[in-house]
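A.B. asks: Pasting in a structure now, in structure tokens, and then I'll have a few things to ask.
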Amino acid sequence: MFRLALTYWDLGEFKKAEKLEIVLVEKRKRLLGVNHSDTLLSMSNLGWTSKNLGKFKKAEKLQLFALEKQKQLLGVDHLDTLATMGHLAATYNELGEFAKAENLEAGVLEKRKQLLGDEHPDTLRAMGNLAVTNQKLNKFKRAEELQIFVAEKQTENLGDSHPNTLRAIANLAVTFRNLGKVKEAEELDVTVLDKRTQLLGINHPDTLRSMANLARTCKELGEFKKGREA
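According to this note's numbering, the sequence shown is numbered sequentially starting from 6.
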């Protein structure tokens, strides 16, 4: 049941995943108890699915409960605990509670650095998440520092065409634009758009998002014609 729910996650079919996860949580509560690590993991997963369905308050409630219990039972260094912290931070971002999200993401990042090293994929993901939250808090210099590191390491480790690399570059472009480094932002936006057009096609949502980002950057440069064409 758990593996099928993961498959539905990967397919973006969150309603189907939610139905399975609700059943799984109830079964594990009955069989294992509410404080068992497997039950808490199921609750955390259901919270993540709820977040993806736009049920942010439900997600927050599940994730807060799971996180407090996981800290008590597993400790703050356990991978399940760190995953729930990251998921709760994502929920806080959706709720507009960026300071709470930042606090959690900073904690996750420090733990992942200690446990996995600076260049591990999970550490880089945590850096990227914290940087995006920094953007929302207008901490653009801090975001820039993190995003430059992430973009460089993702390029080295995954190549310049990997979705994670392109996401990191696109996020850095947004930060550059907010710092007034508009020409640098344009160069990155063009790179991401070209790669996504080649890899995904012109009508893919990520490609269309890249077009919108480039148009916004071009508008700030005063290149209105180029912005309209993008």
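Yeah, the Cβ is synthetic: ideal placement off N, Cα and C, and Gly gets one too.
(1) With three or more beta-carbon pairs closer than 8 Å as the criterion, would you say the region 157–169 touches the region 140–147?
(2) According to the Cβ coordinates, are G91 and N40 closer than 9 Å?
(3) Do the CB positions of A156 and I174 come within less than 9 Å of each other?
(4) Cα-Cα, which of L72, Y97, L100 and K76 is closest to T89?
(5) Can you name the start and end residues of the alpha helix (DSSP H) that K21 belongs to?
(6) Suppose only complete runs of 4+ residues qualify. What are the alpha helix (DSSP H) ranges in the region 83–168, listed by chain order?
(7) Touch check for the region 66–86 and the region 47–54: three-plus C-beta pairs under 8 Å?
(8) Would DSSP call G52 helix, strand or coil?
(9) If you run the structure through DSSP and keep just helix, strand and coil, what is I174?
(10) Which same chain residues end up closer than 8 Å to D85 when comparing Cβ atoms and leaving out the 5 residues on each side of it in sequence?
(11) Which value, in whole angstroms, describes the spacing of the CA atoms of G112 and V195?
(12) Grouping DSSP H, G and I as helix and E and B as strand, with all else coil, what is L72?
(13) By the DSSP assignment, the alpha helix (DSSP H) with N195 in it spans what residues?
(14) Ordered along the chain, which non-local residues of its own chain (more than five positions away) have a Cβ less than 6 Å from that of K200?
(15) Taking just the CA atoms, how far does M216 sit from V187?
(16) Let me confirm a value: R233 is counted as buried when at least 16 other C-beta atoms fall within 10 Å, else exposed. Which label applies?
(17) Within 10 Å of its beta-carbon, does Q152 have 16 or more other beta-carbons around it, so buried, or fewer, so exposed?
C.D. replies: On the basis of the coordinates in this document:
(1) no
(2) Going by beta carbons, G91 and N40 fall outside the 9 Å limit.
(3) Their beta carbons are under 9 Å apart, which means A156 touches I174 by this criterion.
(4) Closest option to T89, Cα to Cα, is L72.
(5) F19 to L37
(6) 84–99, 103–121, 126–141 and 145–163
(7) yes
(8) helix
(9) helix
(10) S42, L45, L46, S49, Q75 and L79
(11) For G112 and V195, the distance between alpha carbons rounds to 34 Å.
(12) Secondary structure of L72 (DSSP, three-state): helix.
(13) Reading off the sequence, residue 195 comes out as Val, not Asn. V187 to L205 is the extent of the alpha helix (DSSP H) around V195.
(14) S166 and L171
(15) Their backbone Cα atoms lie some 16 Å apart in a straight line.
(16) At R233, the pLDDT of 49 sits below 50, so the modelled position is not reliable; the number obtained from the coordinates is stated separately. Looking at its Cβ environment, which holds fewer than 16 other Cβ atoms inside 10 Å, R233 is exposed.
(17) buried
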